[in-house]
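See structure below.
2 protein chains.
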Amino acid sequence: MKRNSRLSLALHTLSHMAGDPSRMRTSADIAEHAGTNPVVVRRVLGRLRKAGLLTSEKGHSGGWRLAQAPEDITLADVYLALDERLVTGGDSDEAPACSVEKALHKRVTGVLEDVEQRLIQRLSETSISEVRGN
Amino acid sequence: MKRNSRLSLALHTLSHMAGDPSRMRTSADIAEHAGTNPVVVRRVLGRLRKAGLLTSEKGHSGGWRLAQAPEDITLADVYLALDERLVTGGDSDEAPACSVEKALHKRVTGVLEDVEQRLIQRLSETSISEVRGN
DNA sequence: AAGGCACGCAACACCGTTTGTTACGTGAGC
DNA sequence: GCTCACGTAACAAACGGTGTTGCGTGCCTT
Ligand code: FES
Ligand code: FES
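From first to last, the protein sequence lines are chains A and B. Note that the numbering used here gives residue 75 to position 75 of the first sequence, counting from 1, and the numbers run on in steps of one. Position in the second sequence (first residue = 1) + 1000 = the numbering used here.
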C-alpha cells in the first residue's frame, strides 16, 4: 500500500518460521536471508514481539521464535502489530473551524476507516501457515 | 492514507468551486486560501485538468473552473485523477523465484486490490457538491 | 568467573519522495 | 505593448524510511 517493506519483511520472516516453528533464528541469519541489516530486523520484529507474536531470547543460543501456533497468526495480526494504519492515526490536524473542511475531512476519514476495516477483515482470512514456508 | 495532502488540497478546492461553479479562480487565490504556493496548486490541479475535471485559461481573466457539473464529480474521480494508488502501482519487484515470497506477494496484492476497489466504490458515493462549499 | 553471543536501543548518515520557491516561457486580454 | 495567469523546469528544504555503528545488558558456554 503505502511506504512498505516492513510488512514484507515481517511476513517473509514469519512465513519461514511457520515452516519450522521450533527452530531459533538470529537476527543476523534473518537479515542475511532478507538482504538487509540485523538492526533493521530487530526493529520490525520487536514490534511483533510487543504484540505477542514472537519471543526473543538473548545469550548464546538466543534468537527469535514464534510465540503462537502458526495457524493462529493471521496476516491481519502482523499488519496490526506494526501499526501503520491507513488513516494516518490520530493526527492533531489543521483548522478546527471551517465547516467545509471539517465535513470533507469527516467524509474522507469515514470512508478510510471503513476501508481499513475491510482490509483487516480480508487479511485475517489468511494465516501465516497457509503460505508455504520452505 | 499514505503521503497525502494533494488529495486534501484537491478536494478542498473543488468543494469551494462546487459552491459557485461559474466563478473563475486563479491559482494565486487558491494557494493563499489553502495556505500553500500557486505552483503547487497548479501542479495538483493540472492533474485534475488532465482527467477532465477542470479547465484552465490563461490571460487576464484566466484561472480555473469546473469542467463538469458539481453533482457529476465524485470523490472517486478526484482520487483517481491524481493516480496515487494504494497498491504501489506496477512496481518491478524483487526476486522472481522464491515460491514463498511469490505466494505471499500474490496474497497481499490480491487483498490490496480488493481493498482499493472498495475504497473507490465508497468514494464514488459522494459528489463534491454534497460537501457544502461556502 | 570470564568470554562470547545475541538482543535492545540510541545516534547518525544516506536516500527517495514530497512540498515549497524561483525563474522563465506562452497565450489571452486590455 | 503591457499585464495577467497558466505551464514547466530547476532547485532548495523538509520528511520519513532504511542502513550502520556503537554501546549496554542478559544468558549461555567453558
Ligand atoms: S477555508 Fe474553510 S473550507 Fe476553505
Ligand atoms: S528466500 Fe525467503 S522466501 Fe524465498
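Glycine included, each C-beta is placed from N, C-alpha and C at the ideal position.
Distance, E84/A Cα to L1086/B Cα: Cα atoms of L1086/B and E84/A: separation of roughly 13 Å, rounded to the nearest angstrom.
Measure the alpha-carbon distance for N1037/B versus L104/A and round it to whole angstroms. In this model, N1037/B and L104/A are separated by some 21 Å (Cα to Cα).
Proximity winner among H60/A, G59/A, A51/A and A67/A, relative to V20/A (alpha-carbon distances): A small fix is needed here, since residue 20/A is Asp in this sequence, not Val. The option with the nearest alpha carbon to D20/A is A67/A.
Beta-carbon within less than 6 Å of R65/A's beta-carbon, same chain only, minus the 5 sequence neighbours each way: which residues are those? Taken in chain order, the residues that qualify are M24 and T55.
Using a Cβ-Cβ cutoff of less than 8 Å, which residues in the same chain neighbour I73/A once the five nearest sequence positions on both sides are dropped? L14, A18, L53, L66, S127, I128 and S129.
Any idea what DSSP makes of R122/A, helix, strand or coil? Three-state DSSP puts R122/A in a helix.
Which bits of chain B does L11/A rub up against, with CB to CB less than 8 Å? Annotation: Cβ neighbours of L11/A in chain B (cutoff 8 Å, chain order): L1104 and V1108.
Using a C-beta cutoff of 8 Å, does S137/A count as contacting chain B? Past the edges of chain A, shown from 1 to 134, lies residue 137/A, and the structure says nothing about it.
Under the rule that 16 or more other beta-carbon atoms within 10 Å means buried, what is V1039/B, buried or exposed? Of the residues assessed, V1039/B falls on the exposed side of the cut-off, its CB having fewer than 16 other CB atoms within 10 angstroms.
Does V44/A have its Cβ less than 8 Å from a Cβ in chain B? So, not an interface residue.
Which partner residues of G1052/B appear in the DSSP bridge assignment? Answer is none; G1052/B lacks a bridge partner.
Can you check DSSP and say which residues form a bridge with T74/A? Answer is S127/A, bridged to T74/A.
Could you give the C-beta distance for V41/A and A31/A, rounded to a whole number, given that I count them as a contact under 8 Å? Contact holds; Cβ gap of about 5 Å.
Shorter than 8 Å from the beta carbon of R1005/B to some beta carbon of chain A? A quick correction: the sequence has Ser, not Arg, at residue 1005/B. Residue-level contact check: S1005/B does not touch chain A, since none of the beta carbons of chain A fall below 8 Å from its beta carbon.
Is L1082/B helix, strand or coil when you go by DSSP? L1082/B: coil per DSSP, three-state reduction.
Mind checking which residues open and close the beta strand (DSSP E) that includes R1065/B? G1063 to L1066 is the span of the beta strand (DSSP E), which, as asked, contains R1065/B.
If you measure from each residue's Cβ to the nearest non-hydrogen atom of ligand 2, which ones come out under 5 Å, in chain order? Counting every residue whose Cβ lies closer than 5 Å to a heavy atom of ligand 2, we get C1098/B, V1100/B and E1101/B.
Would you check whether ligand 1 has a heavy atom nearer than 7 Å to the C-beta of H1012/B? It does: the Cβ of H1012/B is within 7 Å (strictly closer) of some heavy atom of ligand 1.
First through last residue of the alpha helix (DSSP H) which encompasses A1031/B: In the DSSP annotation of this structure, the continuous segment of the alpha helix (DSSP H) that includes A1031/B starts and ends at S1027 to A1034.
Could you round the C-beta distance between V78/A and L9/A to whole angstroms and report it? I think they count as a contact, below 8 Å. Contact doesn't hold; Cβ gap of about 10 Å is too wide.
Residue range of the alpha helix (DSSP H) that includes R6/A: Where R6/A is concerned, the enclosing alpha helix (DSSP H) stretches over R6 to G19.
Outcome for E1101/B when other beta-carbon atoms lying within 10 angstroms are tallied against a minimum of 16: The C-beta of E1101/B has 16 or more other C-beta atoms within 10 Å across all chains shown, which makes the residue buried.
Apart from the five residues just before and just after A1076/B, which ones in its own chain have a Cβ nearer than 7 Å to its Cβ? Here the set comprises I1120, L1123 and S1124.
Cβ of H40/A within 8 Å of any chain B Cβ: According to the sequence provided, residue 40/A is Val. The question's His does not apply to it. V40/A does not count as touching chain B.
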